[in-house]
Structures are given as structure tokens and as C-alpha cells.
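To start, the structure itself, in C-alpha cells.
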Amino acid sequence: MKRPRIVVVGSLNMDIVVKAARFPAAGETIAGEEIHFVPGGKGANQAVALGRLGAEVTMVGAVGADSFGGTLLASLNASGVSCEHVKKTEKAPTGTASITLTPEENSIVIVAGANAELREEDMDHIEAIIAGADAVLLQLEIPLGTVERAAELAEKHGKLVILNPAPARALPPSLLGRIHYITPNGTELAVLTGVDSAGEGDDSPLEEAVDALLAQGPSCVVTTLGAEGAAWKARGEKLRRQQAHRMQVVDTTGAGDAFNAGLAYGLCEGREVGEAVALAAQTAALAVTKFGAQDGMPTMAEVLNYFGQNAVPSSEHDAG
Ligand code: RIB
Numbered sequence: 012m013k014r015p016r017i018v019v020v021g022s023l024n025m026d027i028v029v030k031a032a033r034f035p036a037a038g039e040t041i042a043g044e045e046i047h048f049v050p051g052g053k054g055a056n057q058a059v060a061l062g063r064l065g066a067e068v069t070m071v072g073a074v075g076a077d078s079f080g081g082t083l084l085a086s087l088n089a090s091g092v093s094c095e096h097v098k099k100t101e102k103a104p105t106g107t108a109s110i111t112l113t114p115e116e117n118s119i120v121i122v123a124g125a126n127a128e129l130r131e132e133d134m135d136h137i138e139a140i141i142a143g144a145d146a147v148l149l150q151l152e153i154p155l156g157t158v159e160r161a162a163e164l165a166e167k168h169g170k171l172v173i174l175n176p177a178p179a180r181a182l183p184p185s186l187l188g189r190i191h192y193i194t195p196n197g198t199e200l201a202v203l204t205g206v207d208s209a210g211e212g213d214d215s216p217l218e219e220a221v222d223a224l225l226a227q228g229p230s231c232v233v234t235t236l237g238a239e240g241a242a243w244k245a246r247g248e249k250l251r252r253q254q255a256h257r258m259q260v261v262d263t264t265g266a267g268d269a270f271n272a273g274l275a276y277g278l279c280e281g282r283e284v285g286e287a288v289a290l291a292a293q294t295a296a297l298a299v300t301k302f303g304a305q306d307g308m309p310t311m312a313e314v315l316n317y318f319g320q321n322a323v324p325s326s327e328h329d330a331g
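In case it helps, the working numbering puts the sequence shown at residues 12 to 331.
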């Protein structure tokens with residue numbers, strides 16, 4: 012199988028992570044336990060995860076002319092990601108994410124900064140990179156017009172387009188009609204469709220939401236369900252499910268990014284969607300066992316070592 016070649020167009024953030032026993036209530040001040048500055052941003056996290064799995068990855072994004080930007084580029088480079096098309100702007104500081112991490116979950120507030128400076132015309136400059144890739148992987152932490160232009164160019168060159176619609180927002184048909192795989196979590200699925208799919212155990216509300224999203228254009232919906240794993244459905248086919256792996260959770264930040272990277276990697280290797288979803292679940296499972304959105308991303312060798320016989324086989328597992 013060939014080595015996947017993937018362009019990630021998205022955000023780079025410095026994650027400012029405060030560990031606390033619980034979230035503060037509105038208007039309340041509580042004492043945190045630790046503070047860490049670690050590389051993050053949904054786009055960069057997905058790029059790092061892809062690099063560690065063994066893909067040839069180009070990151071397209073923007074950072075400020077500051078020390079956070081330098082740290083973020085170093086993290087991408089260390090995972091083999093090409094950063095030649097990450098622009099450095101004087102117009103805004105590098106994006107940041109303020110993350111409160113409790114033993115159970117996290118909450119995140121992002122300040123886009125330089126991410127908001129990634130423009131539609133920047134996509135025109137990388138058309139040749141898109142034309143030479145297998146797939147374009149997108150999220151929603153950069154301007155929507157930029158996401159749309161990247162998807163347009165990918166469609167023009169017949170490339171696979173995968174959209175992780177995070178953070179949640181409604182999306183225009185002009186974008187959804189260009190997406191092959193869309194990967195919402197429960198909140199994002201509800202925002203995109205108006206159908207609340209909560210009520211696990213019974214597929215019908217979930218399938219109703221998935222069908223509502225398929226009707227808007229994407230060819231396949233792959234939805235992440237937290238502890239319930241994931242489910243996917245291509246148009247005209249049945250809803251299928253992937254169980255979650257039970258792990259010792261250290262940090263869930265970036266789990267969704269790991270999932271998207273595993274999915275994109277598997278699809279670009281030419282695997283059928285069920286196998287790609289299995290790899291996505293394995294990648295995400297290992298990602299939560301370490302602290303930090305990017306530091307936790309596993310290499311393909313780690314995926315194969317941990318999941319052994321159950322791991323999705325790959326010819327490209329010596330990277331990282
Ligand atoms: O998906 C996790 C990421 O969301 C964090 O790294 C943070 O930067 C926000 O973008």
C-alpha cells in the first residue's frame with residue numbers, strides 16, 4: 012500500500028492547559044494544580060498525528076511572528092510534517108487555546124489570532140500542493156471562506172475531502188456538497204442537522220441525524236460517540252458501529268484529532284471505511300493515554316504494538 016499524502020488546512024494553537032479538580036462555576040475562582048504550555052490546534056494536532064502514523068503531510072496554516080509560533084512549527088517538524096506553507100503574519104499573534112483539564116474532561120476557549128489570517132487567496136497559492144495530494148483534511152478553526160476555497164480546489168483536482176466540523180457551527184450546502192467524509196461528534200451533529208441524537212443504545216435518533224446530514228451532501232458521515240465509540244453510514248448503506256477501546260485516560264484533549272488522522276490515513280491507504288474507522292479508534296485510544304494534544308499522538312508502530320493481532324495491518328508502520 013502506498014504512503015498517504017495528505018494536506019491539512021487548519022489551525023495552530025498554543026494550548027495553555029490548567030489542571031484542576033473541577034471546572035469553576037460562573038463567577039467562581041478556584042485553585043488550579045498545574046499549568047502547561049503545549050502545542051495544539053485542531054489542524055496541527057491532526058497533522059502531527061498523521062505524520063506519526065507515517066503519512067507525508069503538508070500543514071497549511073498561519074502563526075504570528077512570536078515565540079509561540081516557533082514552538083508550534085518545531086513540534087510539527089519533529090513529527091515529519093512539512094511547514095513550508097504555514098505563513099508567518101505580523102497582523103496577529105499565534106492562536107491560543109485556554110484549556111481547563113479535570114480528571115474527567117476538558118473545556119476549551121480558543122482565541123483565533125493568526126488562524127483568522129489564513130485567507131482564501133492563500134489556498135490559491137497552494138493549489139499545486141493540493142493537486143499532488145491524495146486528500147485534504149479540514150476543520151473549522153480558520154475562516155469558513157478559506158475552508159470552502161480549499162474544498163473547491165480539492166474537488167477541482169478530484170481529491171478526497173475530509174471535514175472535521177469542529178468547533179460546531181452550521182455549514183452552507185456549497186461546502187457540504189464538496190465533502191466526502193464528515194466527522195462530527197454528537198454536539199456538532201446536532202448543530203448541523205437540528206436533530207438531537209442523544210439517547211444511546213437505540214440507533215434510530217442517531218441514524219435520523221446521520222441521514223439528515225447525508226441529505227445535505229457528504230457521501231459518508233462518521234460520527235464519534237465518546238465512550239460509545241463511533242458510527243458511520245455512507246449514503247444508501249446501513250449504519251455501522253465501532254466500539255471504543257477501554258483505556259487509562261490521562262488527557263482527552265486531541266482525541267478527536269487523533270481519530271480524524273487515523274481515519275484519513277486509512278482511507279488514503281485505500282482501506283474500506285470500516286477498516287479506516289477501526290484505525291481511527293485505535294489512534295484515538297492511544298492518544299488519550301498521554302498528556303498533551305500532540306505529545307499523545309501514537310506512531311503506527313505503537314498502534315501495531317498495542318493492538319497486536321487486532322490492529323489494522325499497514326505496510327507503512329515503520330515511520331516515527
Ligand atoms: O482538538 C483539541 C484542540 O482544540 C486543542 O489542541 C486546542 O488548541 C483546540 O484547538
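Glycine included, C-beta positions come from ideal geometry on N, C-alpha and C.
Go to E199, then tell me how far its alpha helix (DSSP H) extends in each direction, as first and last residue. Element bounds for E199: 197-204.
Given this structure, state the Cα-to-Cα distance separating L171 from V147, to the nearest angstrom. Cα to Cα, the separation comes out at about 6 Å.
Can you give the Cα-Cα distance for G106 and G281, rounded to whole angstroms? Using only the alpha carbons, I get a separation of about 34 Å.
Which of the three DSSP states, helix, strand or coil, is assigned to I137? Under the three-state reduction of DSSP output, I137 falls in the coil class, being neither helix nor strand.
List the endpoints of the continuous alpha helix (DSSP H) containing N56. Taken as a continuous stretch (DSSP letters only), the alpha helix (DSSP H) holding N56 covers 53-64.
Close Cβ partners of E313 (< 7 Å) along its chain, the five nearest in sequence each way excluded: Contacts found: L297.
Looking only at C-alpha atoms, which of I17, P15, R16, N24 sits nearest to A304? With distances taken between Cα atoms, A304 lies closest to N24.
Taking the alpha-carbon positions, what's the R257 to T264 distance? Straight through space, the alpha carbons of T264 and R257 are spaced by roughly 16 Å.
Confirm the yes/no value for this check: CB of E152, any heavy atom of the ligand RIB, distance under 7 Å. Correct: E152 has its Cβ closer than 7 Å to the ligand RIB.
Is I173 near the ligand RIB, with its Cβ less than 7 Å from a heavy atom? Judged by the Cβ position, I173 fails to qualify as a neighbour of the ligand RIB at the 7 Å threshold, every heavy atom of the ligand being at least this far.
Extent of the continuous beta strand (DSSP E) to which S118 belongs: Looking at the DSSP string, the run of the beta strand (DSSP E) that includes S118 is 117-122.
DSSP three-state assignment for T105, whether helix, strand or coil: DSSP places T105 in coil when its eight states are reduced to three.
Backbone CA spacing between T204 and N196 [nearest angstrom]: Taking C-alpha positions only, T204 is separated from N196 by approximately 12 Å.
Using C-beta distances below 6 Å, list every residue in its chain close to I190, excluding the 5 sequence neighbours before and after it, in chain order. Excluding sequence neighbours, I190 sits near V172, L174, P229.
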